[in-house]
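*Asks:*
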Amino acid sequence: MKKAIRRLWKQQESRELLDPVYHEQYCIYFEKEKIFFVSFINEIKKEEVFTNEKLVAQKLEPLYERFQSGIDDYLENVFASQKVWRFFDVNYGLDIRVNRQKEEPGWEVWMGEDLSFLTLQHREAREYVLGLITKGECWFQREAKKEMGLVL
Numbered sequence: 001m002k003k004a005i006r007r008l009w010k011q012q013e014s015r016e017l018l019d020p021v022y023h024e025q026y027c028i029y030f031e032k033e034k035i036f037f038v039s040f041i042n043e044i045k046k047e048e049v050f051t052n053e054k055l056v057a058q059k060l061e062p063l064y065e066r067f068q069s070g071i072d073d074y075l076e077n078v079f080a081s082q083k084v085w086r087f088f089d090v091n092y093g094l095d096i097r098v099n100r101q102k103e104e105p106g107w108e109v110w111m112g113e114d115l116s117f118l119t120l121q122h123r124e125a126r127e128y129v130l131g132l133i134t135k136g137e138c139w140f141q142r143e144a145k146k147e148m149g150l151v152l
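The sequence shown: position 137 = 137 (UniProt numbering), numbered continuously.
Structure follows, in structure tokens:
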């Protein structure tokens, strides 16, 4: 996660995180010398300013741990409620949106404005998203290696 935060700070970008299960929203604005962290929890707005990426990572770690441990609840919530689950991936800081497909009973995973993954299978959606919120090699990289016959 620190790598993603460092990259976002260097590029002075911003990211929005939407938690559809707990109905929370976070906005993070990366400026040259400061990181602005705004949270909306229980309709209460809280603003914090950081000058250290490690502190931002510490602030986000419990949220991402909740995403990881409750991934099935998040996918089911997105599917049932047609809400959007939004976060950034922990390796590169890419803006990620997970939502229900409009035409089929499945999930869409967007990276920025590009559809990066589309599936009807809960297991595939779970593994793909888990790879985005967990440090290390993700599911689609492992699957690609299997397809190419590379040793895992």
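Ideal Cβ placement from N, Cα and C applies to all residues, glycine included.
If you're wondering where the values come from, they're calculated on a predicted model, not measured in any experiment.
Beta carbon of I35, beta carbon of V56: below 8 Å?
*Replies:* yes
*Asks:* What's the gap between the Cα of V38 and the Cα of L63?
*Replies:* Going from the Cα of V38 to the Cα of L63 covers about 14 Å.
*Asks:* Within the same chain, show all residues whose beta-carbon is closer than 8 Å to that of G70, passing over the 5 residues directly before and after it, in chain order.
*Replies:* Only V21 meet the Cβ criterion.
*Asks:* Less than 8 Å between the beta carbons of W110 and L18, yes or no?
*Replies:* no
*Asks:* Quick one: using the 10 Å Cβ neighbour count with 16 as the cut-off for buried, is V129 buried or exposed?
*Replies:* buried
*Asks:* Please name the residue in S116, V98, E43, N52 whose C-alpha comes closest to that of F67.
*Replies:* V98
*Asks:* Can you tell me the Cβ-Cβ gap for F88 and R15, rounded? I've got them flagged as a contact below 8 Å.
*Replies:* 5 Å
*Asks:* What is the DSSP secondary structure of M148, reduced to helix, strand or coil?
*Replies:* helix
*Asks:* Can you list, in chain order, the residues of its chain with a C-beta nearer than 7 Å to that of H122? Leave out the 5 residues immediately preceding and following it.
*Replies:* L75
*Asks:* Apart from the five residues on each side of it in sequence, which residues of its chain come closer than 8 Å, Cβ to Cβ, to S81?
*Replies:* P20
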